[in-house]
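Numbering (the numbering used here), first residue to last: 4 to 575.
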């Protein structure tokens with residue numbers, strides 16, 4: 004049997020190469036109605052541009068049908084149709100290859116460039132939680148997610164600043180955000196001397212604000228770097244303070260003194276420094292102007308400042324129905340209260356006092372927040388809704404008798420739907436977590452039934468017959484979720500290191516959208532297909548093949564949640 008991980012990128016590359024010189028033509032199908040007949044399509048219009056009359060030479064069709072190579076999925080047939088050139092894979096062989104090596108598909112496709120070092124700087128974390136605006140919270144969550152994905156690809160990542168506010172670590176822990184802490188500031192003596200040498204003489208009668216050492220002109224540096232790079236043309240000068248020098252000193256130290264226990268577990272190279280790393284400033288749109296000043300001041304005062312400084316600017320967060328300005332802790336408490344209130348049902352007791360449920364409520368609150376903040380491309384605006392009617396929490400079990408005073412996660416999700424927290428749609432963390440719990444319950448149900456002697460132990464994967472997987476929902480889960488997952492992680496971690504200009508983009512919305520679509524496909528399949536069937540030997544083959552598929556789905560789901568810092572729910 005062939006070995007090695009199959010890849011969508013590798014298959015598309017081979018398909019396009021088989022057509023001869025020219026741009027990419029083939030694309031992967033994703034919709035269920037198209038996947039009933041084909042897996043890849045080269046559209047007729049694109050073929051007409053490539054071959055003139057649109058007639059693909061017979062030799063090219065044969066070359067595509069006989070396609071082989073590293074990572075290329077085995078082809079069943081290739082045929083011209085009115086839509087274009089269609090291709091269908093040998094699905095049972097693909098099932099066998101993928102489900103026989105699940106771990107390879109629940110991890111990034113390949114490590115990033117060796118020696119790549121990234122400093123993620125999130126200035127929003129220099130203050131206290133009570134001062135954290137929602138746009139700044141969004142920047143924090145984007146930085147945390149990006150750090151996890153980069154580290155999963157073998158990139159050495161350093162997070163700046165180290166948190167010093169005594170209340171911030173507790174708040175970040177609530178949000179499941181991993182960020183370093185520190186108690187001391189970095190030394191600023193060298194930068195202070197450089198700053199004093201660059202200070203612009205004060206104008207007549209000019210009185211500088213308290214704590215300001217002086218003013219540094221940035222005009223020349225803006226012209227040198229070029230306004231076309233993205234710097235604000237209004238940048239003129241910068242008031243230098245001890246706090247500003249402390250910020251620069253911490254960034255300087257992060258570049259010059261890379262820790263030996265980095266994410267790769269490797270010691271920094273002796274010559275590691277400004278030229279071997281990229282600094283990405285993850286900022287809210289309100290902070291960008293000040294951060295541009297900081298960049299230029301760093302270059303002005305430090306000859307060893309990194310040449311590659313990029314800004315990942317997060318768009319605004321608008322809240323409909325919220326009185327005044329909602330801070331990050333208030334937003335967390337709002338979502339947490341919604342989850343708790345959905346469970347505290349009249350006559351049903353306060354489950355929020357149960358340690359097991361307390362953990363569940365915390366996970367659901369964080370999942371709600373992270374999917375709301377991260378499901379939109381970081382540069383775009385996020386719109387949040389705040390429920391106007393706060394009386395929904397009493398409606399779930401208001402009339403149930405004492406003997407039926409039970410609350411389960413399914414009931415909780417129904418209550419959350421009433422609360423204004425969406426349990427479906429493209430931004431729903433609760434919907435993803437519900438299906439995560441359903442998967443856990445499925446495998447727990449199999450384990451209990453096996454212990455009772457109803458089902459045999461799970462056989463070796465190599466003995467499973469994957470030709471028994473012929474439901475369209477099964478191919479949808481494998482082809483749209485398991486197979487492309489490594490490539491999706493790689494796209495999320497892709498940073499344009501050599502791109503011109505000040506700004507950089509990141510696809511931090513991809514994992515959330517992927518997990519929602521996976522959950523929708525799984526939910527549709529799970530509602531329609533009975534996985535744990537009657538304990539009859541002639542049905543076990545199909546049952547185990549389906550369980551192995553859902554093992555892969557569960558592993559991909561757990562890996563995706565780990566990239567978001569969200570632990571999976573273990574039961575319903």
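Backbone N, C-alpha and C define an ideal beta-carbon position, used for all residues, glycine too.
Remember, predicted model here, so these are calculated numbers, not experimental data.
Item checked: Residue nearest to residue 525 in terms of C-alpha spacing, selected from 452, 107, 555 -> Position 522 of the chain shown, counted from the start, is the residue given in the question as residue 525. For the residues 452, 107, 555, the minimum Cα distance to residue 525 belongs to 555.
Note to self: Suppose only complete runs of 3+ residues qualify. What are the beta strand (DSSP E) ranges in the stretch 18-95, listed by chain order?
What the structure shows: Qualifying beta strand (DSSP E) stretches, in chain order: 43-46, 78-84, 87-92.
Check: Hey, is the stretch 484-497 in contact with the stretch 150-169, meaning 3+ C-beta pairs nearer than 8 Å?
Finding: Yes, the stretch 484-497 touches the stretch 150-169.
Checklist line | Residue(s) in a DSSP beta bridge with residue 2 | finding: Outside the shown range of the chain (4 to 575) lies residue 2, about which nothing can therefore be said.
Check: If you drop the 5 nearest sequence neighbours on each side, which residues of the same chain put their C-beta closer than 7 Å to that of residue 146?
Finding: Walking along the chain shown from the start, residue 146 turns up at place 143. Setting aside the 5 residues that flank it on each side, residue 146 is surrounded in the same chain by 123, 125, 285, each with a C-beta closer than 7 Å to its C-beta; the list follows chain order.
Next item on the list: Quick one: measure Cβ to Cβ for residue 448 and residue 532, integer angstroms, because I've assumed they're closer than 8 Å.
Entry: By 1-based counting over the chain shown, the position of residue 448 is 445. By 1-based counting over the chain shown, the position of residue 532 is 529. About 15 Å separates the two Cβ atoms, so there is no contact after all.
Next item on the list: Assuming residue 108 and residue 560 form a contact by the criterion Cβ under 8 Å, report the distance between their Cβ atoms to the nearest whole angstrom.
Entry: Start at 1 with the first residue of the chain shown, and residue 108 comes out as number 105. Start at 1 with the first residue of the chain shown, and residue 560 comes out as number 557. A Cβ-Cβ separation of about 12 Å leaves residue 108 out of contact with residue 560 under the 8 Å criterion.
Check: Looking at the structure shown, is residue 555 part of a helix, part of a strand, or coil, going by DSSP?
Finding: Here the question's residue 555 lines up with position 552 in the chain shown. Helix at residue 555.
Notebook entry, point to check: Taking the C-alpha atoms as reference points, what is the distance between residue 378 and residue 541?
Noted result: Along the chain shown, one-based indexing puts residue 378 at 375. Along the chain shown, one-based indexing puts residue 541 at 538. Near 44 Å, if we compare the C-alpha coordinates of residue 541 and residue 378.
Next item on the list: Flag this pair as touching only if the stretch 241-256 and the stretch 501-513 have three or more C-beta atom pairs under 8 Å; answer yes or no.
Entry: Touching, no, given that fewer than three Cβ pairs across the two stretches are closer than 8 Å.
Check: Given that a residue counts as buried once 16 or more other Cβ atoms are within 10 Å of its Cβ, and exposed if not, what is residue 303?
Finding: Working through the chain shown from its first residue, we reach residue 303 at position 300. Residue 303 should be labelled buried.
Notebook entry, point to check: What's the gap between the Cα of residue 604 and the Cα of residue 75?
Noted result: Past the boundaries of the shown model lies residue 604; the chain is included only from 4 to 575, so the question cannot be answered.
Next item on the list: Give a yes or no on whether 9 Å exceeds the smallest Cβ distance from residue 247 to chain C.
Entry: Looking at the structure shown, chain C is missing, and only one protein chain is on hand.
Check: Per DSSP, what kind of secondary structure is residue 161 in: helix, strand or coil?
Finding: For the purposes of this step, residue 161 is identified with residue 158 of the chain shown, where counting begins at 1. Three-state result, residue 161: strand.
Check: At what residues does the beta strand (DSSP E) containing residue 122 begin and finish?
Finding: For the purposes of this step, residue 122 is identified with residue 119 of the chain shown, where counting begins at 1. 120-124 is the span of the beta strand (DSSP E), which, as asked, contains residue 122.
Next item on the list: To the nearest angstrom, report how far apart residue 144 and residue 339 are at their CA atoms.
Entry: Stepping through the chain shown from its first residue, residue 144 is reached at position 141. Stepping through the chain shown from its first residue, residue 339 is reached at position 336. Spanning the alpha carbons of residue 144 and residue 339 requires a straight line of approximately 17 Å.
Notebook entry, point to check: How is the beta strand (DSSP E) around residue 323 delimited, first residue to last?
Noted result: Position 320 of the chain shown, counted from the first residue, corresponds to residue 323. 320-323 is the extent of the beta strand (DSSP E) around residue 323.
Next item on the list: Specify the secondary structure class of residue 217 as computed by DSSP and reduced to three states.
Entry: Translated into the one-based positions of the chain shown, residue 217 becomes position 214. Under the three-state reduction of DSSP, residue 217 is assigned to strand.
Check: Secondary structure at residue 383, three-state DSSP: helix, strand or coil?
Finding: Here residue 383 is taken as the residue at index 380 of the chain shown, counted from 1. Reduced to three states, the DSSP call for residue 383 is coil.
Next item on the list: Check residue 508 in the structure and name its three-state DSSP category.
Entry: Position 505 of the chain shown, counted from the first residue, corresponds to residue 508. Here DSSP, grouped into helix, strand and coil, assigns residue 508 to coil.
Check: Roughly how far, in whole angstroms, is the beta-carbon of residue 472 from the beta-carbon of residue 98, given that I think they are within contact range, below 8 Å?
Finding: As a position in the chain shown, residue 472 is number 469, starting the count at 1. As a position in the chain shown, residue 98 is number 95, starting the count at 1. Yes, residue 472 and residue 98 are in contact; Cβ-Cβ is about 6 Å, under 8 Å.
Item checked: Bridge-paired residues (DSSP) for residue 136 -> For the purposes of this step, residue 136 is taken as residue 133 along the chain shown, with counting starting at 1. Assignment of beta-bridge partners to residue 136 by DSSP yields 330.
Check: Which same chain residues, not among the five before or five after residue 496, have their C-beta less than 6 Å away from its C-beta?
Finding: Locating residue 496 in the chain shown gives position 493, counting from the first residue. If we look at residue 496 and ignore the five residues flanking it on each side, its Cβ neighbours are 152, 153, 156.
Next item on the list: Work out the CA separation of residue 226 and residue 335 for me, nearest whole Å.
Entry: Position 332 of the chain shown, counted from the start, is the residue given in the question as residue 335. Position 223 of the chain shown, counted from the start, is the residue given in the question as residue 226. A straight line joining the alpha-carbon of residue 335 with that of residue 226 spans about 43 Å.
Check: Who pairs with residue 578 in a beta bridge, going by DSSP?
Finding: Nothing can be reported for residue 578: it is not among the residues displayed for the chain, which extend from 4 to 575.
Margin query: Pop quiz: residue 359 and residue 572 are said to be a contact at Cβ under 8 Å. What is the actual Cβ separation, rounded to whole angstroms?
Written below: Position 356 of the chain shown, counting from 1, holds the residue named residue 359. Position 569 of the chain shown, counting from 1, holds the residue named residue 572. Not quite, the Cβ-Cβ distance comes to about 11 Å (not below 8 Å), so this is no contact.
Margin query: Classify residue 405: buried if its beta carbon has 16 or more other beta carbons within 10 angstroms, exposed otherwise.
Written below: Translated into positions along the chain shown, residue 405 becomes position 402. With a pLDDT of only 32 at residue 405, under the threshold of 50, the placement of this residue in the model should not be trusted; the figure read from the coordinates follows. With fewer than 16 other Cβ atoms within 10 Å, it is exposed.
Checklist line | C-beta contact flag for residue 10 and residue 112 at 9 Å | finding: One-based indexing of the chain shown puts residue 10 at position 7. One-based indexing of the chain shown puts residue 112 at position 109. Yes, Cβ-Cβ distance for residue 10 and residue 112 is below 9 Å.
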